[in-house]
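Here the structure is laid out as structure tokens; the discussion comes afterwards.
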Amino acid sequence: MSERIPLLIDTDPGVDDALALLMAFNDEAHEVVGLTIAAGNVGLGHTVRNALKLCEVSGVDVPVFAGAPAPLLHPAPDAGYVHGQDGFGDVGYPPPARQAEAEHAALAILRLSHAHAGRLLLVALGPLTNIALALKLDPTLPQRVARLVVMGGAVTGHGNITPAAEFNFYFDPEAAHLVFEAFERIELADWEATIAHGLHHDRVAAWLAADSPRARFYAGISEKTRLWSHDRRGDHWYAADALAMALALAPDGALEQAGRPLEVELAGRHARGASVVDWRREGGRADNALILLRYDQARFEGLVQAALAAG
Ligand code: BDR
Ligand code: CA
35 MSERIPLLID TDPGVDDALA LLMAFNDEAH EVVGLTIAAG NVGLGHTVRN
85 ALKLCEVSGV DVPVFAGAPA PLLHPAPDAG YVHGQDGFGD VGYPPPARQA
135 EAEHAALAIL RLSHAHAGRL LLVALGPLTN IALALKLDPT LPQRVARLVV
185 MGGAVTGHGN ITPAAEFNFY FDPEAAHLVF EAFERIELAD WEATIAHGLH
235 HDRVAAWLAA DSPRARFYAG ISEKTRLWSH DRRGDHWYAA DALAMALALA
285 PDGALEQAGR PLEVELAGRH ARGASVVDWR REGGRADNAL ILLRYDQARF
335 EGLVQAALAA G
């Protein structure tokens, strides 16, 4: 058996997902055993194709599994205005040569959880639909997962898609609810941690100038979203999924974390999809979320820079 930690990534690429995947591909201590693909930032056809293309550009032969095309219950919102209509900046890249595997993402999650029982690092960078489906098929899944790291939520209610909710949870609140009910301990990198760990646009531009196929491809697909972000959000670029991946790959870079009970709001006119954290532990529930508050910024930036220069 490989000494490397098996890493399964559920993702909806997405420009910041792509950066996170490059970080994972570049990590020698982890072996990416599969990419399970969610609908989210854009439709499933695009997110699957983007994952396959990124693997191809990176020279990485990881199996890609298509998952659910829509949230469990409600119609999907879209983030094409952030990531481009195809999710990868509409650069018109040639189609990937490889296809997705025949196996459904939810089934692949279960199979890989058995194959790597007790060692699997599961990282969720998109809506939690596939993991919720896997849980419905087999509620014993959490017993076999060593760590679950999730990008999602806004732990004091400063959302990014509605005033209160973050995109991944808002896209499929029921799925997020099921996952947070089922796993005893989820390491969370939320939108507010993302905002606290912005990447200065000038530094990102310098990293993207690296002489590598990965940097060149990433510079192209991220251009639109970086311009949009600069316009809307100022000097720093916020790569949510990259921060979650830093936490997953290098947990010792976390300088401050807080364990608290977290529930996902399913109803409500203003707060559907919000992550409600019981900061004062008034409800008597167990802490199910280990919330990232502060990560070593230099460590984070080092991981991003190395991922872009690699290959
Ligand atoms: C999350 O939503 C998506 O737009 C990003 O890929 C990230 O996973 C940030 O709220
Ligand atoms: Ca994502």
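Numbering-wise, my numbering puts 91 at position 57 of the sequence shown, and it's gapless, one number per residue. Beta carbons: idealized from backbone N, C-alpha and C, even for Gly. Since this is a predicted model, take the numbers as computed values, not measurements.
- Here the segment 103-111 lies against the segment 160-171, with 3 or more beta-carbon pairs under 8 Å apart.
- Within its own chain, the residues whose Cβ lies closer than 6 Å to the Cβ of Leu-337, once the five positions on either side in sequence are excluded, are Met-57 and Ala-280, listed in chain order.
- In this structure, the beta-carbon distance from Ile-43 to Val-157 falls below 7 Å.
- Taking the Cβ atoms as the reference, Gly-68 lies roughly 6 Å from Ala-142, within the contact range of under 8 Å.
- Using a Cβ distance threshold of 7 Å, Asp-50 and His-80 do not count as a contacting pair.
- Under the three-pair Cβ rule at 8 Å, the segment 214-230 counts as touching the segment 175-187.
- With fewer than 16 neighbouring CB atoms inside 10 Å of its own CB, Gly-302 falls in the exposed class.
- Per DSSP, reduced to three states, the secondary structure at Ser-36 is coil, with no helix or strand assignment.
- Taking 6 Å as the cut-off, the C-beta of Gly-307 does not count as close to any heavy atom of ligand 2.
- One Cα belongs to Ala-54, the other to Leu-159, and the distance between them is close to 9 Å.
- Collapsing the DSSP output to three states places Leu-86 in a helix.
- Checking the 6 Å criterion, the Cβ of Gly-160 is within range of a heavy atom belonging to ligand 2.
- Distance from the C-beta of Asp-51 to the nearest heavy atom of ligand 2 is below 6 Å.
- Cβ atoms of Leu-169 and Leu-212 come within 8 Å of each other, at about 6 Å.
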